[in-house]
Structures are given as C-alpha cells and as structure tokens.
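Data first, discussion second: the structure below is written as structure tokens.
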Amino acid sequence: MNLTVKVWRQKNSKSEGKMVSYNVKDVSPDMSFLEMFDVLNEDLISKGDEPIAFDHDCREGICGMCSMYINGRAHGPKTGITTCQLHMRSFKDGDTIVVEPWRASAFPVIKDLVVDRGAFDRIINAGGFVSVNTGGVPDANAIPISKIDADAAFDAATCIGCGACVASCKNASASLFVAAKITQLALLPQGQVERASRVEKMVAQMEAEGFGACTNTGACSVECPKEISQDTIAKMNREYYAAKASSKNL
Amino acid sequence: MTKLDSKIPEGPVAEKWTKHKFNLKLVNPANKRKYDIIVVGTGLAGASAAATLAELGYNVKAFCFQDSPRRAHSIAAQGGINAAKNYQNDGDSIFRLFYDTVKGGDYRAREGNVYRLAEVSVNIIDQCVAQGVPFAREYGGLLDNRSFGGAQVSRTFYARGQTGQQLLLGAYSALSRQIGLGNVKMYSRTEMLDLVMIDGAAKGIVTRDLVTGEITSHAGHAVLLCTGGYGNVFYLSTNAQGSNVTAAWRAHKKGAFFANPCFTQIHPTCIPVSGDHQSKLTLMSESLRNDGRVWVPKKVGDKRNPSEIAEDERDYFLERKYPSFGNLVPRDVASRNAKEQCDADKGVGSSGLAVYLDFADAIKRLGENSVRAKYGNLFDMYAQITGENPYKNPMRIYPAVHYTMGGLWVDYNLMTTIPGLYALGEANFSDHGANRLGASALMQGLADGYFVIPYTVGDYLAGIGPKAVDKNHPAFKEAEDKVKAQTKKFLSIKGTKSVTHYHRELGRIMWDYCGMARNAEGLTKAKGLIKELKEDFWKNVKVLGEGEELNQSLEKAGRVADFIELGALMVEDALNRNESCGGHFREEYQTEENEAKRDDDNYAYVAAWEFKGEDKAEELHKENLKFETVKLTQRSYK
Chain A
1 MNLTVKVWRQ KNSKSEGKMV SYNVKDVSPD MSFLEMFDVL NEDLISKGDE
51 PIAFDHDCRE GICGMCSMYI NGRAHGPKTG ITTCQLHMRS FKDGDTIVVE
101 PWRASAFPVI KDLVVDRGAF DRIINAGGFV SVNTGGVPDA NAIPISKIDA
151 DAAFDAATCI GCGACVASCK NASASLFVAA KITQLALLPQ GQVERASRVE
201 KMVAQMEAEG FGACTNTGAC SVECPKEISQ DTIAKMNREY YAAKASSKNL
Chain B
251 MTKLDSKIPE GPVAEKWTKH KFNLKLVNPA NKRKYDIIVV GTGLAGASAA
301 ATLAELGYNV KAFCFQDSPR RAHSIAAQGG INAAKNYQND GDSIFRLFYD
351 TVKGGDYRAR EGNVYRLAEV SVNIIDQCVA QGVPFAREYG GLLDNRSFGG
401 AQVSRTFYAR GQTGQQLLLG AYSALSRQIG LGNVKMYSRT EMLDLVMIDG
451 AAKGIVTRDL VTGEITSHAG HAVLLCTGGY GNVFYLSTNA QGSNVTAAWR
501 AHKKGAFFAN PCFTQIHPTC IPVSGDHQSK LTLMSESLRN DGRVWVPKKV
551 GDKRNPSEIA EDERDYFLER KYPSFGNLVP RDVASRNAKE QCDADKGVGS
601 SGLAVYLDFA DAIKRLGENS VRAKYGNLFD MYAQITGENP YKNPMRIYPA
651 VHYTMGGLWV DYNLMTTIPG LYALGEANFS DHGANRLGAS ALMQGLADGY
701 FVIPYTVGDY LAGIGPKAVD KNHPAFKEAE DKVKAQTKKF LSIKGTKSVT
751 HYHRELGRIM WDYCGMARNA EGLTKAKGLI KELKEDFWKN VKVLGEGEEL
801 NQSLEKAGRV ADFIELGALM VEDALNRNES CGGHFREEYQ TEENEAKRDD
851 DNYAYVAAWE FKGEDKAEEL HKENLKFETV KLTQRSYK
C-alpha cells in the first residue's frame, strides 16, 4: 500500500518545528509501524535528506523507549500495545498518517520525535524504591505475601515508563505513572516502612517537574500500553491524604 | 605462550569462593569514597553493580545509551531466573544447579565460576524480594516455581512472562535510590567510545553525549563493562536495536582478550522473518514446547494449507528422532533440526524458512480455555505480529539469534586481561560454556553485579591505592582525539550506501556461514566476504548530518564498523575450533546420528584472542579447562 505520512520535524530543542509530508510506497501489511519508518528513513538517506530521529529499542513492547503520537493517539489506534507492536495492517492504502512527538512541557522535544523523559527518572530517584542495601536481607520465603496482593502489585509494576499517559492527558499529568509505583509498593509488606514518606516525596517531585494535575478523565489508562488501571490513581490519592494527615515531615 | 591466569582458588569446588573472599584485600570505609568507579551499561549486571558499589561508599559514575537506565535490554527477558533454593523439596541443590549448568554448557565453562554462580543464586532471590520484586506466588503466600529446559527440578522463579522486566526494575530502583542520594552520577544517552589506559591499566573512558555530540572523557580507578552481548552482529536477532559490541570491542583493541566469540545461542521458538523490511525477531518463551508439537510436511516442497495435510503426511521430526525428550530437547538441538528440515526443502510458509508448532492436540486434550490460561499472552503476541490465529492454525516458528556465550575474557575476579577493567554479565564469557540454559542469564547478570564484583573490585583498589587519577594525563586527550577523528571520518566519506545496508549484508554473511551450522569451506568464504565488506564500508558508507547533534546514523555507523571486525574474529574462532560443542556446530564433526561431537582431548580450552593491530591476524591464547568435579560425558537426549 501507499501512504502519506506527516511527521513533526524539529532540528533541536531550540529551533522551531513543523509538520513535513512524505510519501511512503510499497508498504507491506506485515511491517511494524517502526519498520515503515525505517523504510522511509532509508529512502530519505538515499535522497540525501536527513533521516527522522525517533526513539526505539527493544521493538517488542517492553523497554518503553518508543513514543509516537499517531493520528492523535499515543502509540496509535490500537489499545494495549506500544508503537513498535503496531503493524501496518491496521492502516489501508491511501491513508494519511499524522505522527507527532509526546507533547508535554515536562517532556521537551530533543529532535524530531525524540523527547526528554528524564523527569520520570527523577521522580523514581525521589522515592520509588524500598531502601534496602545489597546483602543482609531475610530469606525470600520469610516474607509471605497473599497471592491477591502479589498479583495486584505485579499489575501495577508492569508500567514501562513510556510516558503515553502524560501524552494522552489534556493536563499532561504524570499521575498514572507515579500511582503505578506507589500502588505496587504500598501493596507489599516490603514497602510499608517508607509508605508515607514515599508518596509525599514522589508527589512533590512530580509537581516540581511541571506535570499537570489529574482531573480523572481516564485517558491515561485507556492509552496505557500495559493497561494500568485508573484505580491506582485513587489509591495514590488515598495514600497521599493518609500520609499528609499523619505526616512526620511537618 | 599463555598469559592467562584464571586465578581459580585451589581446594574443593564448594570451598573456593568462601576461601577466596577471605583472602581478598578490603578497602576501609573511610577510604572507599576516595575511589571512582565507572560502570558502563545499566542492565541487570550494570545496575546491580553500580547500586551495590555506591551503597558500599564508592563514587560511581554510570552510563547508558538509552534515555533511561530502566530500558536496558535485560528488560525483555521473559521466562525466569534460576536459583538453587530447593523450595519445592524436589531434590535441588547448589551442586545440582552447578552440575546442570556445566553439562548444559557442553563442558566448555569453568567449574569454579559456575559453582560460585550456583552458590550465590539463592541470595539473589532474597535480595530481589526485599526490593519489592513481585514474583509469582502460591495461595499460601510463598514463592512459586516452574521447570525449565535442561533441568529435572523446578527451580525457576518468575513474574508472569516479564521476569526480566521486574528484576531490572528492582535493580533500577536500587540504582535510582543511589542516584537520588548523590552516590551515583548517572549519564543517560551517553555512549562509551573508547577506553583510556595509563601505564597499562584502565583509568577512564571516552564518551559521546548522544544529544549534543560532545566528546569527553571520564577518569576512574576501575572500569566495569556491563554492556551485554553481541547478537546484533547477525543483524536480525532478538536483541534490542541499540544492543552493540562497541564498548567491549574497543576495550579488546586496547588489549582485553576476547574469549570464545563463536559461541552464540540460537533460540528455536521465534516468529519467522516476514520480509526484507524485518528489523528484529521476536522470541516466544520455550515453555510453548511443553504442549506444542513441531512438524513439517513429509513431502518435499509441499505448499498446501496445514489443515489439508493429513496426519500420516506429517513428520513430527523431534518426536521421531528423540523419543525420550521429544519436543523438549535443548535449544541447540531443536534449532539445528528445524534448519535441517528447511534445508531439505520441507520448510513451511511463504519463505520456506519455518516449521509448524501445532497446538491442535493440546486444545483437543485440555480445551481452548486451558491453553489460553497457560499461553494466552504468547498466543496474543503471535497473533499481533503475524495477523494469524494460532488457536485455529499451527504457529510457524524458526530459530533466531538470542544470546552470546562468548565475550571478554575474565579471571575469577571478573577482571579482563587489562588491569582495572572488568566485564560482567553477558559481556563476559565465563559461566555458560558453549550453550546457556534457560533462566540462567538473569541469574548470572545479578550474581556478578550484586555478589561478586563488590568483593573482587576492592582487592584491586586496595592494591593500587586511592591516589586520584590524573585527568591531565595525555592519554585522555589522545583517546578523545582518536574518537573525534573517527566521527569526522564517518561524516567525510559521503558514500552511496546507508549504514543499515552494511549491517544487513554483514548479518547475511554471518547467518549463512557462521550461524546454526558451520563448515570450514563456508567459514573460509565468509572471511573473504567480510574483508570485502569492510573495505567497501570505509569507502562507500553514507552518514548524513553533523557530529555535534543527535545523529542516529552516526551512532549506528560506529557500532556497525565494530560488528564487522567482530564478525571476522567470530569466523576465525569458529574455524579454529575443529569440534562441535553446544551452539557451535561444525558439520565436519558430528556423530553418526548427526549430533555435536566434542573433542575433549584437543579443544577443552577457552580460546582467548589478542588484538595485534589493524588488519593483522589476532593471536590465540588457550586457557585449558580443568574438570576436577564433573565427569565429561556425551550429551544424549534420545
């Protein structure tokens, strides 16, 4: 099939960007969306034009590196997958596809479709962990955990940190990302000691990074490639109020 | 001629590590902060090492080329992690895990290293649970285990099909904590492009900031390469797009020996190539072989729809050839047999490079819902990629490059032949011999990072003393200039063919002549082809854009240049090893039943290669493997 692809081109974080239109010919329905971009880039190189910069790595939906906003939706028209798992059979001959980077002031564009998601790392650095050093820990089976809690913690822990939640949110809120980590650790006995301080620190860092507030529209959860539930945000809010009510950080 | 001292401690295998730990020198707590340690790569080995060393009090600088340390390719591991916990009371022990690993590796790994790996495996699980890694659990609240290829006990811990992700996020959280505390300085989107040596020891690295293009250097008392494997030398593999050999290769060119480069693992159950556009291959967990039956049509060139091929016209070749293990033979055996069928023109699908993995019997026996409960996510993944329904039609599978057992040569302390330069995880060669067992890669990465390097690096540091490395030493400027010159060179060639073109060509050569089966004639041919490709690359490669900006073609050009050189060494190594063992199958050396035939008298050694200069033949050094505990036998799965 033949397609028209309109792509955001921006030389660097300081220059202005614009949409540029390209024709891509002989696209196979078996190609992944990123392979279609590979073909387009090879074509650009052969013509002496600079290829389009885009983030990608594992190409199997788990590293969280790919990040395209396709036809107004994070990771494209299907749910529960990342851009690298989207195949061209989801499009038809003659389609025009619009591709933009994640749009959020906390995720500045570096070049073309590549953005800086360092804010996510800084939120985890602020408290998204259990403070245990290597060695000196108890035997693994000395900490029994109910299967229900373990499975729920796992569901939250599947977050790949791609940022689709932020890109999909009209407020560019990072609540789903932060809530996923808080939920995972709040459900587990290992996370209890730092339960209150963790949510305080992570929420404070989230706000410092310039993400918007959550207004519970639920777009984040719909577009999340790992389908992390919006319930985690409610959980985060409960954790946050409980922590503030009993805060030792006054 | 040998310069290799493996430093394996004397004494019974079970006491070596304990004794060795006691003999290692210590650095006192107040002095630790005077040492700088550089960690390259933030996968399981790198993240666990960086976090643990920072906890001990060292100054750590960590580097990764991805935009976040959480994205290293360890994240993609599916199946699980082995540990000799014996929680199932089914007869497991440290000794049994050790034995299975040495045997699975076809007796080409070091006993001492493998025993230590089995010994610390139990600590890894404790550590990960303490971090909040959500492993699968039983209803009683205790940890669940599953069985895996090459073992008769259930010792594999798992987190659904995403064990690698959960373990990496555990190590990443420990690393993040140290970054937040200021004990680790993290450099993301930064690639190591050379090693800095002063007086024969590793004292720093040269890096390129992938966003600004700035080339700079970092000094340290020790450098740890935790940079993963080199499967992407084949172009198509299950590795991430960015996975590369550059850091290890450039260290090799500075004097670190490269061991057993031809030992690569081909995984049997991957989704086949669908066309020239293919950029990577996706693996599906080998657990599918528990219920799926592998077959091809009996008739050569039979292109009928599988549903039209009657039962008596099908050849269930694994069940036929290996009645006792059937579809559950180890990875290398399963892969080689699939290739054999396709070479005989019995392959299926449009390319003819696939065999069927059929669940019809399992669905009949267990019902579709039971099969869905067991393998649902894998079936979904297959449907997603191929657009076909595996509940109705048999899956098509084909082997793909998955893991590299070879890597930088290291001694028992994980130090390479360059003092102060260490290699951890898949980047080193030490623990898996000629074939790695499933669920052992995660174990090795974390063993090296959490429980081995924190002890062994101290011994070296205590020896050299805490005097700061002189950043004004000319070696830094020299190494930087060399990297800058290479960048300039790539941009100045202004040829006609893209970097990807060369990568794809290299991959074809490697797969055809140095893949699942090799022979002297093909390998000799490959030598010539790679030489021609290298010449053409440096004359005609086209890299657009500039050096001082984000430039993905430029990044890739450096990586492909190194892959081409590594490819040549892999071929050399495969030619040298006149035997078959594990993943290395030389067609000239097979039993009457077409199985790998080892030559323990002549090849029970580690082949460690020394770089002697551009375009010069590398020199082979041999480390003879001593088997004091395990008796060498011929593997049989009949």
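Those sequence lines, one after another, are chains A and B. The numbering of the first sequence is this note's numbering, which starts it at 1 and goes up by one. The numbering of the second sequence is this note's numbering, which starts it at 251 and goes up by one. Where is the CB? At the ideal position from N, CA and C, for every residue including glycine.
Per DSSP, residue 500(B) lies in no beta strand (DSSP E) segment; the continuous alpha helix (DSSP H) that holds it begins and ends at 496–503. Residue 867(B) and residue 860(B) have their alpha carbons spaced roughly 9 angstroms apart.
Residues of the segment 144–169 of chain A whose Cβ lies closer than 7 angstroms to any Cβ of chain B, in chain order: 144, 145, 146, 147, 150, 153, 154, 157, 158 and 161. Residue state for residue 204(A) is assigned as helix, using DSSP reduced to three classes.
Against chain A, a Cβ distance below 7 angstroms from residue 795(B) picks out 50. Within the DSSP secondary-structure output, residue 457(B) pairs in a beta bridge with 442(B) and 466(B). Residue 70(A) sits away from residue 3(A), with the two beta carbons spaced by 8 angstroms or more.
Residue 59(A) belongs to the set of residues whose beta carbon lies under 8 angstroms from a beta carbon in chain B. Close to chain A, meaning a Cβ-Cβ distance shorter than 9 angstroms, are the following residues of the segment 361–379 of chain B: 372, 373, 375, 376, 377, 378 and 379. DSSP places residue 111(A) within a strand segment (E or B) once states are collapsed to three. Taken through DSSP and simplified to helix, strand or coil, residue 145(A) comes out as coil. In this structure residue 852(B) is exposed. Its beta-carbon is surrounded by fewer than 16 other beta-carbon atoms within 10 angstroms. Sequence-distant Cβ neighbours of residue 74(A) in its own chain, meaning closer than 7 angstroms and more than five residues away, are 164, 167, 168 and 223. Residue 373(B) and residue 330(B) have their C-alpha atoms some 16 angstroms from each other.
Look at residue 451(B) here: in three-state DSSP terms it is strand. Only residues of its own chain outside the window of five on either side were considered, and among them 393, 407 and 409 have a CB closer than 6 angstroms to the CB of residue 385(B), listed in chain order. By the CB criterion at 8 angstroms, residue 292(B) and residue 264(B) fall outside the cutoff. Annotation: the continuous beta strand (DSSP E) that includes residue 23(A) extends over 18–24. Remark: fewer than three beta-carbon pairs, one from each stretch, lie closer than 8 angstroms, so the segment 136–156 of chain A and the segment 346–353 of chain B are not flagged as touching. Residue contact check for residue 191(A) against chain B: a CB pair falls below 8 angstroms.
Rounded to whole angstroms, residue 722(B) and residue 468(B) show a C-alpha spacing of 11 angstroms. Residue 644(B) carries a coil assignment under DSSP once its states are collapsed to helix, strand and coil. Sorting 447(B), 847(B), 426(B) and 282(B) by C-alpha distance to the C-alpha of residue 730(B) places 447(B) at the top. Boundaries of the alpha helix (DSSP H) around residue 753(B): 749–764. Put simply, of 769(B), 458(B), 258(B) and 280(B) the residue whose alpha carbon is nearest the alpha carbon of residue 801(B) is 458(B). Distance check between residue 855(B) and each of 581(B), 310(B), 795(B) and 872(B) places 872(B) closest, using alpha-carbon atoms only.
Around residue 568(B), the same chain offers 544, 576, 577, 579, 584 and 587 as residues with beta carbons nearer than 7 angstroms, after the five sequence neighbours per side are excluded. In the displayed model, residue 288(B) falls within a strand according to three-state DSSP. Under DSSP, residue 475(B) forms a beta bridge with 290(B) and 673(B).
When secondary structure is reduced to three states using DSSP, residue 664(B) falls in the coil class, being assigned neither helix nor strand. For residue 440(B), the closest Cβ of chain A is not nearer than 8 angstroms.
DSSP, reduced to helix, strand and coil, places residue 788(B) within a helical segment of the structure shown.
Residue pairing of residue 658(B) in beta bridges, as defined by DSSP: 508(B) and 678(B).
Chain-ordered listing is empty here: chain A has no CB closer than 9 angstroms to the CB of residue 408(B), the nearest sitting near 11 angstroms.
For residue 424(B), the residues of chain A that pass the 7 angstroms Cβ criterion are 129, in the order they occur in the chain. Contact of residue 326(B) with chain A is assigned, a C-beta pair being separated by under 8 angstroms.
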